[in-house]
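First residue of the sequence shown: 74, per the working numbering; consecutive thereafter.
So the structure is just underneath, and the comments pick up after that.
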Amino acid sequence: MIKGVLLDIGGVLYEGDHPIEGAQEALRQLRDSYKVRFVSNSSRRAPRAVVTKLVEMGFELRPKEVFTALSAAKLFLKFEKSSAYIVATDEAKSYFEDLTFPQRYVLVCDAYKNFTYDSLNEAFRRLESGSGFLATNINRYFKDEDGLSLDAGGFVKCLEYASGKKAKVLGKPNCEFFSLAIADMGLKKDEVVMVGDDIESDIQGAKSCWLKTVMVKTGKFKPQDLQKATPDFLIDSIVQLPKLLKEIA
74 MIKGVLLDIG GVLYEGDHPI EGAQEALRQL RDSYKVRFVS NSSRRAPRAV
124 VTKLVEMGFE LRPKEVFTAL SAAKLFLKFE KSSAYIVATD EAKSYFEDLT
174 FPQRYVLVCD AYKNFTYDSL NEAFRRLESG SGFLATNINR YFKDEDGLSL
224 DAGGFVKCLE YASGKKAKVL GKPNCEFFSL AIADMGLKKD EVVMVGDDIE
274 SDIQGAKSCW LKTVMVKTGK FKPQDLQKAT PDFLIDSIVQ LPKLLKEIA
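This is the structure:
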């Protein structure tokens, strides 16, 4: 029986700067019957900014319900008593400013315009000198206001190729990331469903962690995605999710 819902954010709740039509009411309906956590690979903005954006769009949520790849990266570095050379936006970098440990890692996020030759080459040199390799996510692209935009994945793969090192991914599809949110709800994997628009990070990732999956046809969804993996359920948008969950209960 489904008792909890993991929701991707971008592409599921909103596209660009606009909420998916009917998404706010759908979320309210979900909250009436299920525990909800928000799981996002967003690493361009600090977690607090992600929360603020959702609230301004009319979504009801609490900051502690939001799990982002940036927050997972910070938890990992704290546990390792380390900091990192970070390839990221200035806002994302500021999120790690309170970490004063030695820089033992390279961390690659969605750096947007900070993906420069100099920043990537410095990351490469540090990897060659023995630094560990971390990535918030390896998403290929995401749906922006004006179309699809490159995410961190291509730049991570560039550094993997050059350095010969494999990055440890801290956000989706890492099972530990899903587990953090599931544990916070006090539920088991078979009581939770993952809802997303990314066939790799959301659907394949969740299925590899033994979670039920629902794919939405909003955000970055393309029909050919279904050739890569098969979600347990496919719906037009989050608006149909409350009805679907009642039907499969």
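Backbone N, C-alpha and C define an ideal beta-carbon position, used for all residues, glycine too.
Keep in mind it's a predicted model, so treat the numbers as computed, not measured.
| Asked | Found |
| --- | --- |
| Neighbourhood of N187 by C-beta distance below 8 Å, restricted to the same chain and skipping five residues each side | V160, A161, T162 and D163 |
| Three-state secondary structure assigned by DSSP to T173 | coil |
| Cut-off 6 Å between Cβ atoms - residues of its own chain near D298, not counting five sequence neighbours on either side | I272 |
| Cβ contact (3+ pairs, closer than 8 Å) linking the region 149 to 160 and the region 194 to 201 | yes |
| Coarse secondary structure for M74, derived from DSSP in three states | coil |
| Rounded separation between K285 and L318 - CA only | 11 Å |
| Pair within 7 Å by beta-carbon distance, F149 and L243 | yes |
| Classification of T189 by the beta-carbon crowding that lies within 10 angstroms, buried from 16 upward | exposed |
| Outcome for M74 when other beta-carbon atoms lying within 10 angstroms are tallied against a minimum of 16 | exposed |
| Residue closest to S252, alpha-carbon to alpha-carbon, out of A142, E98 and R117 | A142 |
| Helix, strand or coil at D263 [DSSP, three-state] | helix |
| Straight-line gap, K126 to Q277 (C-alpha atoms, nearest Å) | 27 Å |
| Alpha-carbon spacing of Q313 relative to A99, whole angstroms | 8 Å |
| Test item: CB-CB of V85 and I311 under 7 Å | yes |
| Of the residues K154, Q97 and K238, the one placed nearest E133, counting alpha carbons only | Q97 |
| Runs of alpha helix (DSSP H) wholly within the region 274 to 321 (minimum 4 residues, chain order) | 278 to 281 and 314 to 320 |
| P304 versus V287 - alpha carbon distance | 6 Å |
| 6 Å Cβ shell around A302 - same chain, five flanking residues per side excluded | I272, I276 and Q277 |
| Range of the contiguous beta strand (DSSP E) that encloses Y158 | S156 to V160 |
| Chain-order list of residues whose beta-carbon lies under 7 Å from that of E201 (same chain, five-residue window excluded) | S236 |
| Alpha carbon of L307 to alpha carbon of L232, nearest angstrom | 35 Å |
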